[in-house]
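The structure appears right after this line, and notes come after that.
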Amino acid sequence: MREVLEGSMAVARTVARCRPGVVCAYPISPQTHIVEALSVMARTGELADCEYVNVESEFSAMSVSIGASAAGSRAYTATASQGLLYMAEAVYNAAGMGLPIVMTVANRAIGAPINIWNDHSDAMAMRDSGWLQLFAADNQEAADLHVIAFAAAEELGMPAMVCMDGFVLTHASDVVELATAEQIDAFLPPYRPTQALDIDHPTTIGTMAGPESFTETKYLQHLRFLDAAEVIEAWSDRFRQEFGREAGGLVARYHPDTLDRDREAPPADPEDLTVVAMGSVIGTLQAALAPLRADGVPVRLVGISAFRPFPERALRAALGGSRHVVVIDRALELGSGGVLTGCVGRALAGTRSRIHSVVAGLGGRPILEASLRDAVMRARAGGMRSLEFLDLKQGGVPVPRVGATEVAR
Amino acid sequence: MRQVRIHGRGGQGVVTAAEMLARAGFIAGHEAQAIPSFGSERTGAPVVAYCRFADTPLRTREPVLAPNVVLVQDPTLLASDHPFAGLATGGLVIVNTTADAGEARAQAGAADVDATVITVPATSITMEHLGRPKPAAAMLAAYAACADDITLDAVQSVFRERFPGQMGEANAAAAAAAFAHVRAQLAPAASGGGREA
Chain A
3 MREVLEGSMA VARTVARCRP GVVCAYPISP QTHIVEALSV MARTGELADC EYVNVESEFS
63 AMSVSIGASA AGSRAYTATA SQGLLYMAEA VYNAAGMGLP IVMTVANRAI GAPINIWNDH
123 SDAMAMRDSG WLQLFAADNQ EAADLHVIAF AAAEELGMPA MVCMDGFVLT HASDVVELAT
183 AEQIDAFLPP YRPTQALDID HPTTIGTMAG PESFTETKYL QHLRFLDAAE VIEAWSDRFR
243 QEFGREAGGL VARYHPDTLD RDREAPPADP EDLTVVAMGS VIGTLQAALA PLRADGVPVR
303 LVGISAFRPF PERALRAALG GSRHVVVIDR ALELGSGGVL TGCVGRALAG TRSRIHSVVA
363 GLGGRPILEA SLRDAVMRAR AGGMRSLEFL DLKQGGVPVP RVGATEVAR
Chain L
114 MRQVRIHGRG GQGVVTAAEM LARAGFIAGH EAQAIPSFGS ERTGAPVVAY CRFADTPLRT
174 REPVLAPNVV LVQDPTLLAS DHPFAGLATG GLVIVNTTAD AGEARAQAGA ADVDATVITV
234 PATSITMEHL GRPKPAAAML AAYAACADDI TLDAVQSVFR ERFPGQMGEA NAAAAAAAFA
294 HVRAQLAPAA SGGGREA
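For the record, the sequence lines run as chains A and L. Once you know that position 32 of the first sequence is 34 in my numbering, the rest is easy, because the numbers rise by one and skip nothing. Once you know that position 48 of the second sequence is 161 in my numbering, the rest is easy, because the numbers rise by one and skip nothing.
Pasting the structure below:
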């Protein structure tokens, strides 16, 4: 059934239909609506056979998730920003212990200065933690990705983050069609843990590994991560066949002219400038680039759906012969450049590609279609540096353009 | 595509109004999207939210920059919040006020803007039916009274669904009253109303 739902509600209902055994979360904007909705569903019984655990911090939320998962339960939590950083130690442990926890990250900036609005700094700070990181382009995909995330995480024995842009998606209402409980029951296998703490058969999960075995442990973890690409693709394919819409995958391709998501879209051509992006800015790019294409500008769009594992091969395949790339970066490695650009650059090493990093939308700055079109045209004209900040204001404290800020005041 | 911007104050239900508008637009057969803006959540602070309708799926996430329709839920924002900014030529502005359209324009410094300005005493209508200063249903009904994008039925049904029971009925009654008020204003025989093209 197609309906208008707030993004957070779409995610909460879908998570409930995935039948988690334990939900443990601590509220933080902009993730709060998700766990509030789940707590209501736990009370009303819509979220049945689930223990909803209240804790006093994000560190505890992840620790409880680890305990629940290690005891054999399907475990879910959600967080954002400082909350993700506060649980960072446990985040790494969940991955090292091979526990398939699923966590929504409602992407938000990290202070100081304190800022509650959207960018990707939080998830990017956890990019090396050993979690799958799947990014949603819109609220339909945000909801759908949770089904794929549980399936892939549990097959792999690895935890998965579903990253959705805070406020821009979590608090926006869109027309969505949620997977029903029956559909998810038919699609998502029941959780059968490959390792579970059992009092009758005691084992240790997360033991100490000394210098003699730590390298090998990390090597094996890395190999497992390389397997993850195929598993994510396989579950995303199954999802498309079952539900008739695309979600997840490694890299999203878009039809050259309609800019519709289209897995059959041809790779970009040598004369194309390709814009690479991740998250909700893809929607704005779809709207912004269609008129350029109509005017004959050779520009293509490629979306990164899985940031971890980073889909180097799928990205190169989608870029085809295109050697001129503009990366829209929603997080900044201070002293270096855009985070996504670094990964794209490594994927394209040796291809003699020209790569521009456009840092955009930090701390909730709206990303405007006109600014994106301007960036594309400047890059094509050779007027763009390797690192730029979109709509950077200069010369003192700026006066916001009415309607052009998330908070017009 | 139709783009709507809603101005109000924290506590008036601006974000709810945008969401309800998207739901009503969806019922009317449109693709719909509501985008709230969020600040430090302070009661009484100016708040803006956006809504879009289209016949094809909505993809952009940019805030509404050039609205076709602006709803002003609090007349004290006319002078300070630039509600006419970016308004598409010939756009529609609906103001919750007891003043007439000419006064509303004057307060907004928009005497000469090419727009249709409609006024509706949404707060007093809402206080009468709901007893609380949450004029969203009345404002959306006023919009339904002067454009085809949404209908009064759709506005009433989304509020009944969101607020089951007495509060939903009170919102529906406020919506009906505001709709009737604006329709009377728009009727050719009306005189002394607030409409001014």
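C-beta atoms are modelled at their ideal positions from N, C-alpha and C, and glycine is treated no differently.
For Y221 (chain A), the enclosing alpha helix (DSSP H) has its first and last residue at 216–245. Fully contained in the stretch 35–73 of chain A are the following alpha helix (DSSP H) runs of length 4 or more, in chain order: 60–72. Counting the other Cβ atoms within 10 Å of the Cβ of S282 (chain A) gives 16 or more, which makes it buried. In the assembly as shown, Y78 (chain A) is a buried residue. Its beta-carbon has 16 or more other beta-carbons within 10 Å. Within the DSSP secondary-structure output, T232 (chain L) pairs in a beta bridge with L:V208. For T173 (chain L), the chain A residues whose C-beta falls within less than 8 Å of its own C-beta are G285, T286, Q288, A289, A290, E371, listed in chain order. Within chain L, the residues Q146, A147, I148, P149, R174 have their CB atoms less than 8 Å from the CB of A174 (chain A), given in chain order.
Fewer than three Cβ pairs drawn from the stretch 187–205 of chain A and the stretch 178–190 of chain L lie within less than 8 Å of each other, which leaves the two stretches out of contact. Note on geometry: alpha-carbon atoms of F292 (chain L) and A228 (chain L) lie some 20 Å from one another. In this structure, F197 (chain L) keeps its C-beta atom at 8 Å or more from the C-beta atom of A235 (chain L). Our two residues, A181 (chain A) and D146 (chain A), have alpha carbons roughly 7 Å apart in a direct line. At least 8 Å separates the CB of F272 (chain L) from every CB of chain A. Distances from the alpha-carbon of P269 (chain A) to those of A:A279, A:V253, A:I284 put A:V253 closest.
Of A:A151, A:S131, A:A383, A:R295, the smallest CA-CA separation from A249 (chain A) is found for A:A151. For A135 (chain L), the closest Cβ of chain A is nearer than 8 Å. Taken through DSSP and simplified to helix, strand or coil, A27 (chain A) comes out as strand.
Any Cβ of chain L closer than 8 Å to the Cβ of S307 (chain A) would place that residue at the interface, and such an atom is absent. Using beta-carbon distances, P368 (chain A) counts as an interface residue toward chain L, with a partner under 8 Å.
Judged by DSSP secondary structure, F166 (chain L) falls within the beta strand (DSSP E) whose first and last residues are 159–167. For F139 (chain L), a Cβ of chain A is located within less than 8 Å of the residue's own Cβ. In the three-state DSSP reduction, R115 (chain L) falls in the strand class (E or B). A residue is called buried once 16 or more other Cβ atoms fall within 10 Å of its Cβ, and R4 (chain A), having fewer, is exposed. In this chain, S150 (chain L) is not harboured by any alpha helix (DSSP H), its DSSP state being neither H nor E. The continuous beta strand (DSSP E) containing E5 (chain A) extends over residues 4–8. In this structure, V341 (chain A) lies away from M43 (chain A), with their beta-carbon atoms at least 8 Å apart.
Distances from the alpha-carbon of R356 (chain A) to those of A:R382, A:A362, A:P368 put A:R382 closest. The C-beta of E8 (chain A) comes closer than 8 Å to at least one C-beta of chain L. Contact between V13 (chain A) and A96 (chain A) fails: their C-beta atoms lie close to 20 Å from each other, not under 8 Å.
For A319 (chain A) and G159 (chain A), the gap between their C-alpha atoms comes out near 28 Å. In the assembly as shown, H224 (chain A) is an exposed residue. Its beta-carbon has fewer than 16 other beta-carbons within 10 Å. The alpha-carbon of V206 (chain L) is positioned some 27 Å away from that of E282 (chain L). Sequence-ordered contacts of the stretch 263–286 of chain A with chain L read S282, V283, I284, G285, T286 [C-beta pairs closer than 9 Å]. Assignment of alpha helix (DSSP H) within the stretch 216–290 of chain L, counting only whole runs of 4 or more residues, yields 235–242, 249–259, 265–275 in chain order.
Here DSSP, grouped into helix, strand and coil, assigns G365 (chain A) to helix. When DSSP states are grouped into helix, strand and coil, M210 (chain A) belongs to the coil group. Straight across, the Cα-Cα distance linking D130 (chain A) with Q269 (chain L) is about 50 Å.
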